[in-house]
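S.K.: Counting along the sequence shown from 1, when you hit position 116 you're at 163 in the working numbering, and nothing is skipped either side.
Structure below; questions to follow.
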Amino acid sequence: MADYVSPDWSRAALVVVDVQNDFLDDGAAAIPGTTDVLPAIAALTQVFREAGRPIAHVVRLYEPGGSDVDLPRRDSIERGARVVAPGTAGSQIPHPLLPAPVDLNVEILRSGRPQVLRDREIVVMKPRWSAFYRTPLESWLHDHDCDTVVVAGCNLPNCPRATLFDASERDFRAALVSDAVSQTSAERLSDLERIGVRTLTASALSTELSTIRTGH
């Protein structure tokens with residue numbers, strides 16, 4: 048029987064979704080539990096770097112007064128709310144997730160281009176839930192010969208879930224790191240497993256990726 052869903056760790060990329068200061072527990076639009084999973088996400092980024100695998104950090108940038116915003120937040124942003132506003136500290140990626148401290152380049156990200164952090168590590172901006180919507184992520188993954196998307200980040204029922212569905216619809220094998228994403232529940236994880244998403248812990252993923260480094 049053909050297996051179209053099991054991750055191929057040798058062709059995997061890590062996609063970190065919406066981990067920005069405003070969404071941490073003390074941020075302007077706090078998502079409970081996001082600060083708690085930050086150490087696991089930081090450890091994941093390091094494991095992927097050591098394995099030589101690609102990493103994409105996916106962010107939002109809401110211009111106060113703008114309307115290119117997902118519908119639930121559109122009214123508040125149009126009225127001037129400052130949530131992950133371009134150029135603010137709240138919009139930045141927490142430094143432990145990055146290879147070196149760096150601010151988001153708003154001009155590059157708004158143009159739809161990736162901001163390159165290092166070889167095989169980028170930031171892209173998304174205007175809606177999914178990391179694939181109006182972003183260069185899909186083509187970048189193909190350029191790096193990736194067929195497996197590993198997702199971690201902020202607020203599972205919204206952007207990480209939408210990203211996993213869109214990954215599947217684009218024929219990527221998909222995995223979710225269950226202890227490196229906020230707002231999980233047994234029901235939410237079960238729903239994703241039903242569409243072929245593999246769920247595993249950060250420790251288990253580190254073990255899987257170690258086979259790439261050792262060649263076994």
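From the three backbone atoms N, C-alpha and C, an ideal C-beta is built for every residue, glycine too.
None of these values were measured; they are calculated from a predicted model.
Which runs of the alpha helix (DSSP H) at least 4 residues long sit entirely within the segment 169-240? Give them in chain order.
M.R.: For the segment 169-240, whole alpha helix (DSSP H) runs of length 4 or above, ordered along the chain, are 184-190, 206-216, 233-240.
S.K.: Assuming Val84 and Val228 are in contact, meaning their beta carbons sit under 8 Å apart, how far apart are those beta carbons, in whole angstroms?
M.R.: Counting from one through the sequence shown, the residue named residue 84 turns up at place 37. Counting from one through the sequence shown, the residue named residue 228 turns up at place 181. Contact flag correct, Cβ pair sits at about 6 Å.
S.K.: Using beta-carbon positions only, say whether Leu256 and Val94 come within less than 8 Å of one another.
M.R.: Here residue 256 refers to the residue found at position 209 when the sequence shown is read from its first residue. Here residue 94 refers to the residue found at position 47 when the sequence shown is read from its first residue. Against a cut-off of 8 Å, the Cβ pair of Val94 and Leu256 comes out as a contact.
S.K.: For Gln162, report the span of its beta strand (DSSP E) as first-last.
M.R.: Counted from its first residue, the sequence shown places residue 162 at position 115. Start and end: 162-165.
S.K.: Work out the CA separation of Phe212 and Val196 for me, nearest whole Å.
M.R.: Numbered from its first residue, the sequence shown carries residue 196 at position 149. Numbered from its first residue, the sequence shown carries residue 212 at position 165. Near 11 Å, if we compare the C-alpha coordinates of Phe212 and Val196.
S.K.: Just how far apart, CA to CA, sit Val131 and Met48?
M.R.: Within the sequence shown, numbered from 1, the residue matching residue 131 stands at position 84. Within the sequence shown, numbered from 1, the residue matching residue 48 stands at position 1. Spanning the two alpha carbons is a distance of roughly 46 Å.
S.K.: To the nearest angstrom, how far is the alpha carbon of Thr82 from that of Gln67?
M.R.: Translated into the one-based positions of the sequence shown, residue 82 becomes position 35. Translated into the one-based positions of the sequence shown, residue 67 becomes position 20. About 10 Å.
S.K.: Three-state secondary structure (DSSP) at Ile242?
M.R.: What you label residue 242 is simply residue 195 of the sequence shown in a count that begins at 1. Coil.
S.K.: Give the range of the beta strand (DSSP E) segment to which Ile124 is assigned.
M.R.: Here residue 124 is taken as the residue at index 77 of the sequence shown, counted from 1. Looking at the DSSP string, Ile124 is not in any beta strand (DSSP E); the run it does join, the alpha helix (DSSP H), is 118-125.
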